[in-house]
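A quick write-up on the structure given underneath.
2 protein chains.
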Amino acid sequence: MKQIITLFFLTAFSVSSAQSIKSPDGNLVLTFKLTSDGIPAYKLGYKNYEVVKESRLGLKLKDMYANTGIDKLSPSAENVPSLDKGFVTSKVDSSIVDEIWHPVWGEVSSIRNNYRELAVTLLQPTQNNRQMIIRFRLFNDGLGFRYEFPMQDNLNYFTVADELTQFSLTEDHIAFWIPGDYDTNEYYYTKSTLSKVDATYATKVNEIFSKTIIGKNFVQSPLMMKTSEKLYINIFEAALVDYPAMHLEIDQSNFILTSHLVPDAVGNKAYMQTPCKTPWRTVIVSDKAADILASKTILNLNEPSKIDDTSWIKPMKYVGIWWEMHVGTASWNYANVNNVCLKSTDWKSLKPNGIHGATTERTKRYIDFAAKHGFDGVLVEGWNVGWEDWFGKWKEEVFDFVTPYPDFDVEEISNYAASKNVKMIMHHETSSSVTNYERRMDEAYDFMKKYGYPAVKTGYVARIIPRGEFHDGQWMVQHYVRVAERLAKNKLMLNAHEAVRPTGLHRTYPNWLACESARGNEFNAWSVGNPPEHETILPFTRLMGGPMDYTPGIFQIKMNYYNPDKKEQVHTTLAKQLALYVTLYSPLQMAADIPENYEKHLDAFQFIKDVAVDWDDTKYIEAEPGDFITVARKTKGKNEWFIGAITDENGRTAEIPLNFLDNNKNYTATIYADAKDAHWEKNPMSYEIINKSVTSKDVLKIILAPGGGCAIRIW
Amino acid sequence: MKQIITLFFLTAFSVSSAQSIKSPDGNLVLTFKLTSDGIPAYKLGYKNYEVVKESRLGLKLKDMYANTGIDKLSPSAENVPSLDKGFVTSKVDSSIVDEIWHPVWGEVSSIRNNYRELAVTLLQPTQNNRQMIIRFRLFNDGLGFRYEFPMQDNLNYFTVADELTQFSLTEDHIAFWIPGDYDTNEYYYTKSTLSKVDATYATKVNEIFSKTIIGKNFVQSPLMMKTSEKLYINIFEAALVDYPAMHLEIDQSNFILTSHLVPDAVGNKAYMQTPCKTPWRTVIVSDKAADILASKTILNLNEPSKIDDTSWIKPMKYVGIWWEMHVGTASWNYANVNNVCLKSTDWKSLKPNGIHGATTERTKRYIDFAAKHGFDGVLVEGWNVGWEDWFGKWKEEVFDFVTPYPDFDVEEISNYAASKNVKMIMHHETSSSVTNYERRMDEAYDFMKKYGYPAVKTGYVARIIPRGEFHDGQWMVQHYVRVAERLAKNKLMLNAHEAVRPTGLHRTYPNWLACESARGNEFNAWSVGNPPEHETILPFTRLMGGPMDYTPGIFQIKMNYYNPDKKEQVHTTLAKQLALYVTLYSPLQMAADIPENYEKHLDAFQFIKDVAVDWDDTKYIEAEPGDFITVARKTKGKNEWFIGAITDENGRTAEIPLNFLDNNKNYTATIYADAKDAHWEKNPMSYEIINKSVTSKDVLKIILAPGGGCAIRIW
């Protein structure tokens, strides 16, 4: 039940008068003020710590044609007065909200939204009293704030040149960061102090094709930090719509982070029309790392679901024709030619290369496998014409999303899947030719409905068309939302790869099950891969904004199995791959390996078959970014729990109290653990499975190998 | 019947060996050679004149990521070997074509395609024998040539940095030019020598909003020239597809024109995939100006119609709710607010401004007027929501093309028009938000079909979205063709305003009836307007590539009729406005004035009612660019002719021999002429109508007032 207690403060304040609110439990304090120049500023304290020192706020504006190179007549950017200083406070509103809401699917089935809000209405008298509202919401675990611009005579259309938001930190904190980059978030993390951040190494990261590195001292958000006082601070954003993504510029002497928005093709950042608002900037803080992972603040800041009837939205487990292409035993392309054309190529006349992955026959085998083992869906990549020369050509007419290859009988497969009660998952690799995708979307979604594909995995590999736009810019942010909306209109679900990192919009669009939008398991197949600590960092960074389709569950850890020359491998033990189904939350989970590898380890595979994808409750038992995570989750609607415990390159013993179980009840725990001799590099596929009786009074002590993990089903 | 005589020359040539062909009548000579550096070059002679001195050919290539600011790792542009030098001749093919073909509609019903062709296959030995073909076609009135790139191992995808095509002229010719501009062709013409071209004045042309002026010595093609030896030379292009438009850079000391292609958002010119070809570059030349106008070379160079069943394609005359908005007595917008939003504005709640043009009631009056006077169609602008803030905001979600204003009952109007046997013409002003238009196109065309609109007028006012792209760039060129193709698929016709100037593609897409793509009559309503010579230049420039929807037929010449403060006027007499229906060829012609002005001059209006829009034959009787044009056309399928004679600011007597009429037949000529006291500025609306008997032996002598004209129907 929602309780709102609204307290109005209608007072004229002097420019130096500050406003403070506390979080409901009193631990956090948010203070807002205007400086003597009328610059809005805020600071944040937690218990007796300063989290964010006095930091400025505001937006810098420009004439949208200035400095774009287009119109040499337009006035210079400096002539457009910014929303940065000279403010007075017109009004201050304060309120408290305390309510419960229920997500369609999630880590938990019930979420408490409890915050104190301070909304400051500012005017710029020298600009005809142009109005800006800064709204702060203070939760027990963090702060969210955003800028709002009501419809008003003196502010209509405006263009953002920069956002001036700062996060002034107290010290040279340890940070888990990836290079600021307008186009990709597929880096592995570096742990270093802020002063030691140097993103220029990214120019040598060759496993990522499409990079637009901002500069030495620029990093992405979400940014996870740990202070010398063992405070955990996470800076990110929520509800990224109609605006570019926020990266962060680090002042490496003073430890001030400044927001850096992604530009568009002509150097502007955002085009705004009142009434409008920016995304929420979030600072989540706790002295317990597990609290960061458990935070629901980003979801709470998002708009409620826009979809009324959600009965067609269903979490899924799936298999797919996919990994074989990454390890090189099959291909996306049908033929080995380097020049094809949607309008003119006669696909039937091409000579098949003999290793095309997406064939009718192989797909039916996957459908059989899915049906036999209780998987909801089968994804098939490489089913549609165009893969022969799709990559790296900046080709606009690259895919049509409706023409199958000659060896993929979409109708037969559709009927076969239906007969086995298995859903087909569509694949729309756009190759970042987004103008092409948008003009073909209606036809592509009609095709999906015709052949019974309830979900689509989209991809945005390589450089964006419209050329000059970036994956993280406002235009693309609007595109990803357009796709979610149009799919929702068609009652279809979405899994977006290589998109901008999510910011909680799956609350508003619950058909948007997952994104990739970070470095996933696939990098292990064909590059230096992901270090053992990678999955202990992702929940503190990428997953703060939403589920990740990490595609775990690779059993055949080393790639030399496929080709003796290949040196690549997954950098975890097999048991850790199982644990990831619990530690990397997603309502959409893939059993990513090829069926024959599962058939060789059906005992271990049983965990993947059993693990749920939708939860009543989640307990983050212990966590340390970059080191380890242990989490327990209760299956929605069942008295069943799953536990996942993972570690980095250091082995450890996970101590897992089971006090979340019902008292006075006996359970069975099926424990999938690293064998004693397991090691992510030397002996990754060595595991053991133990069954034991447990109760709520038990504390499990599980030894995790270096790069290892443990997956437990309690039932 | 097509006759092809093919002569093969399979000889290895030394690099200095030249190849020559002559036009079928022997007057033109085209010579091709390779210089000692292996640079391809050509020259063109006409009778004893040099038309084009030895001029280089070739393309400069680049890595598409170089210098785009995106990828700092990519090699510099200079590292990509260009298609510019180091060629050897591998093969020379020669042939003759002589055939007749029939356009779906046109100035004539039968066109002869007669040329000699020279196709030179060039190889670059230092680049693995990379292959380029330059194909020359020499007609009796001019030359066309293009570059072709066959599918080959050593050339697959490539990016054009510049085209090196030159036209080296003999002297400082007189030119009729408009400033080179990536975004607009709506300038009036300047007549000057090449050395005196200075396009920088364009920065002060305030009646055009969206300009991207290239530089002082850049002009647009088509470029019309006259030499001191009274030779007429027209340089242009044909079949502009999958490539940017060609502007021209003038070397003002040596009188060399170099092709200048329009860039895209990141500074690249064209993205190519073999097999591919450039548009044809055309040089049309004659010692008779009328021959330039009569030339069919550009049409002959275009691909035949891609539309099999053309029965639904029909030339039209139309009226429309349109001019009243230009003269200010009505508005496109429904309400006077400056901030609306497709997703959220409640249109019914807005306060109507009382002068909205596109109302049900007004539309029905236009339908009545059209039915009464035999017009095929009614255009209505401002029927759909979004006009309140559509202009100058670079707004992406500007129009949805399917939501009418509250006072426009699309269903009632649809039924009413059908009951009166009048067609409704749709209006899709895109506001240059082309990504928005493309993602809404399917829905918009379904809407047209549902409500019985067989044709659409599109508009591209203001700056393009994708931002950074230009109206004349490759991406937009591809867009215009996509629109024509998708409309053809839906059996709908197209009239494109503010698009790139046409280049004969209406042969390939005969549903593409017309473009504006130059400065039309509307400029007279609200700006300095079009000087009296304007319409005597347009056929030598803009109309070389295709019909123009100039929207003639304004009877109320001076705008102070609407508002005593208005100083604007149409810069012609009323009689000249009638003549334009004959001199400015289009299968789509608007009676552009408001009905009440026609009702005041029904005698003159009769000409517009009678004039045909599709022809069996056309005779250009006399013409001088910038001075006068007299043309006679025979109505398709009838023994009826129409004559139009116009002049510039100088009055003159047009001498019109009627020897094109059938011998031994008496005709009636209804002559709509300037009255003796007529003058475009002092007394523009003074006209007289005379009927007289005529035969093929007669020579009419008609006095044209300054800025005047004469329209004649012979029947």
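Chains as they are written, first to last, in my numbering: chain F, 1 to 715; chain L, 1 to 715.
We put the beta carbon where it would ideally sit given N, CA and C, even for glycine.
Model, not experiment: these values are computed from the prediction.
Q) If you follow the alpha helix (DSSP H) that L:Val52 is part of, which residue opens it and which one closes it? A) By one-based count along the second sequence, residue 52 of chain L stands at place 52. Segment Tyr49 to Arg56 is the beta strand (DSSP E) holding L:Val52; no alpha helix (DSSP H) there.
Q. What residue does the beta strand (DSSP E) around L:Tyr620 start on, and which one ends it?
A. Taking the first residue of the second sequence as position 1, residue 620 of chain L is located at position 620. Start and end: Trp615 to Glu624.
Q. Can you tell me the Cα-Cα spacing of L:Val97 and L:Lys701, whole angstroms?
A. For this step, residue 97 of chain L is matched to residue 97 along the second sequence. For this step, residue 701 of chain L is matched to residue 701 along the second sequence. Those two C-alpha atoms are separated by around 41 Å.
Q: Quick one: give me the first and last residue of the beta strand (DSSP E) that L:Asn234 is part of.
A: Position 234 of the second sequence, counted from the first residue, corresponds to residue 234 of chain L. Element bounds for L:Asn234: Tyr232 to Ala238.
Q) DSSP on L:Lys72, reduced to helix/strand/coil? A) Residue numbering aside, residue 72 of chain L sits at position 72 when the second sequence is read from its first letter. Low confidence applies here, because L:Lys72 scores a pLDDT of 49, under 50, leaving its location unreliable; read the following figure in that light. Coil.
Q) What runs of the alpha helix (DSSP H), each 4 residues or longer, lie entirely inside the stretch 422–475 of chain L? A) 434–450
**Q.** Any alpha helix (DSSP H) of 4 or more consecutive residues that is wholly inside the stretch 305–355 of chain F
**A.** 323–327
Q.
Is there a Cβ of chain F sitting closer than 7 Å to that of L:Val266, yes or no?
A. Translated into positions along the second sequence, residue 266 of chain L becomes position 266. Yes, its Cβ sits closer than 7 Å to a Cβ of chain F.
Q) From L:Leu30 to L:Asp141, what distance separates their C-alpha atoms? A) Stepping through the second sequence from its first residue, residue 30 of chain L is reached at position 30. Stepping through the second sequence from its first residue, residue 141 of chain L is reached at position 141. Their backbone Cα atoms lie some 12 Å apart in a straight line.
Q) On the three-pair Cβ rule with 8 Å, is the stretch 641–658 of chain L touching the stretch 194–206 of chain L? A) no
**Q.** Where the stretch 379–410 of chain F meets chain L: residues whose CB sits under 8 Å from a CB there
**A.** Asp389, Lys393, Trp394, Lys395 and Glu396
Q | Residues of its chain near L:Trp715, where Cβ-Cβ distance is below 7 Å and the 5 sequence neighbours each way are ignored | A | Your numbering for residue 715 of chain L matches position 715 in the second sequence. Excluding residues within five positions, the ones whose Cβ falls inside 7 Å are Glu640, Tyr667 and Thr668.
Q: Could you tell me the distance, in whole angstroms, from the CA atom of L:Pro466 to the CA atom of F:Gly473?
A: Residue 466 of chain L sits at position 466 when you count from the first residue of the second sequence. Residue 473 of chain F sits at position 473 when you count from the first residue of the first sequence. Rounded to the nearest angstrom, the two C-alpha atoms are 13 Å apart.
Q: Could you name the residues of the same chain whose beta carbon sits closer than 7 Å to that of L:Lys72, not counting the 5 residues immediately before and after it, in chain order?
A: Numbered from 1 along the second sequence, position 72 holds the residue referred to as residue 72 of chain L. Only weak support exists for where L:Lys72 lies, its pLDDT of 49 falling under 50; the coordinates are left without a value.
(Q) Going by beta-carbon coordinates alone, are L:Arg362 and L:Ile321 separated by less than 7 Å? (A) On the second sequence, position 362 is the one that residue 362 of chain L refers to. On the second sequence, position 321 is the one that residue 321 of chain L refers to. Cβ atoms of L:Arg362 and L:Ile321: closer than 7 Å.
Q | Among F:Thr193, F:Pro125, F:Tyr65 and F:Val283, nearest to F:Asn136 - alpha-carbon criterion | A | Taking the first sequence and counting its residues from 1, one reaches residue 136 of chain F at position 136. It should be noted that the sequence gives Phe, not Asn, for residue 136 of chain F. Of F:Thr193, F:Pro125, F:Tyr65 and F:Val283, the residue nearest in Cα terms is F:Val283.
Q: Go ahead and label L:Thr297 buried or exposed: buried means 16 or more other beta carbons lie within 10 angstroms of its beta carbon, across all protein chains shown.
A: Start at 1 with the first residue of the second sequence, and residue 297 of chain L comes out as number 297. Per the 10 Å Cβ criterion, buried.
(Q) Which complete beta strand (DSSP E) runs does the stretch 236–260 of chain L hold, if anything under 3 residues is left out? (A) 246–251
Q) At a CB-CB cut-off below 9 Å, which residues of chain F make contact with L:Met476? A) Reading the second sequence from its first residue, position 476 is the one you call residue 476 of chain L. Near L:Met476 there are no residues of chain F at all, since even the closest Cβ is about 11 Å away, more than 9 Å.
Q: Could you name the residues of chain L that F:Cys515 contacts, counting a contact when the two beta carbons are closer than 8 Å?
A: Here residue 515 of chain F refers to the residue found at position 515 of the first sequence. Per Cβ cutoff of 8 Å: no residues; F:Cys515 is ~22 Å from chain L at best.
Q. Are any of the Cβ atoms in chain F nearer than 7 Å to that of L:Pro466?
A. Numbered from its first residue, the second sequence carries residue 466 of chain L at position 466. Yes, its Cβ sits closer than 7 Å to a Cβ of chain F.
(Q) Which residue marks the beginning of the beta strand (DSSP E) containing L:Leu789, and which one marks its end? (A) Residue 789 of chain L is absent from the structure shown; chain L starts at 1 and stops at 715.
Q) Hey, how far is the Cα of F:Gly553 from the Cα of F:Asn530? A) Within the first sequence, the letter at position 553 stands for residue 553 of chain F. Within the first sequence, the letter at position 530 stands for residue 530 of chain F. The straight-line gap from Cα to Cα measures roughly 15 Å.
Q: Select from L:Ile250, L:Gly708 and L:Gly58 the residue whose C-alpha is nearest the C-alpha of L:Gly651.
A: Translated into the one-based positions of the second sequence, residue 651 of chain L becomes position 651. With distances taken between Cα atoms, L:Gly651 lies closest to L:Gly708.
**Q.** Close beta carbons around L:His102, own chain, < 8 Å, minus the five adjacent residues each side
**A.** Here the question's residue 102 of chain L lines up with position 102 in the second sequence. Cβ neighbours of L:His102 beyond the five flanking positions: Ser109, Ser110 and Ile111.
Q) When you compare only the Cα positions, how much space is there between L:Arg633 and L:Lys619? A) Translated into positions along the second sequence, residue 633 of chain L becomes position 633. Translated into positions along the second sequence, residue 619 of chain L becomes position 619. The alpha-carbon atoms of L:Arg633 and L:Lys619 are separated by roughly 6 Å.
Q) Taking buried to mean at least 16 other C-beta atoms within 10 Å of its own C-beta, is L:Asn691 buried or exposed? A) To locate residue 691 of chain L, count along the second sequence from 1; it is residue 691. Under this definition L:Asn691 is an exposed residue.
Q | Among F:Leu122, F:Asp616, F:Asn563 and F:Leu155, the one whose alpha carbon lies nearest that of F:Glu324 | A | Within the first sequence, residue 324 of chain F is the residue found at index 324, counting from 1. Among F:Leu122, F:Asp616, F:Asn563 and F:Leu155, the Cα nearest to that of F:Glu324 is on F:Asn563.
Q. What does a CB cutoff of less than 6 Å around F:Thr458 pick up in its chain, not counting 5 residues either side in sequence?
A. In the first sequence, residue 458 of chain F corresponds to position 458, counting from 1. Counting only Cβ-Cβ distances below 6 Å, and skipping sequence neighbours, we find His428 and Ala496.
Q. In three-state terms, what does DSSP make of F:Gln577?
A. Numbered from its first residue, the first sequence carries residue 577 of chain F at position 577. It is helical.
Q) Is DSSP giving F:Asp183 helix, strand or coil here? A) What you label residue 183 of chain F is simply residue 183 of the first sequence in a count that begins at 1. Three-state result, F:Asp183: coil.
Q. Nearest to F:Gly637 by alpha carbon, out of F:Glu655, F:Pro625, F:Glu411 and F:Val613?
A. Numbered from its first residue, the first sequence carries residue 637 of chain F at position 637. The candidate whose alpha carbon is nearest that of F:Gly637 is F:Val613.
**Q.** Span separating the alpha-carbon of F:Val219 from that of F:His173
**A.** Start at 1 with the first residue of the first sequence, and residue 219 of chain F comes out as number 219. Start at 1 with the first residue of the first sequence, and residue 173 of chain F comes out as number 173. Looking at the two C-alpha atoms, the distance is approximately 14 Å.
**Q.** Contact with chain F by L:Glu485, beta-carbon distance below 7 Å
**A.** Within the second sequence, numbered from 1, the residue matching residue 485 of chain L stands at position 485. Answer no: the Cβ-Cβ gap between L:Glu485 and chain F never drops below 7 Å.
Q. Taking Cβ-Cβ distances shorter than 7 Å, what residues in chain F pair up with L:Thr274?
A. Taking the first residue of the second sequence as 1, we reach residue 274 of chain L at position 274. Here the neighbours are Asn339.
(Q) Does chain F have any CB closer than 7 Å to the CB of L:Arg439? (A) Taking the second sequence and counting its residues from 1, one reaches residue 439 of chain L at position 439. Interface residue, yes.
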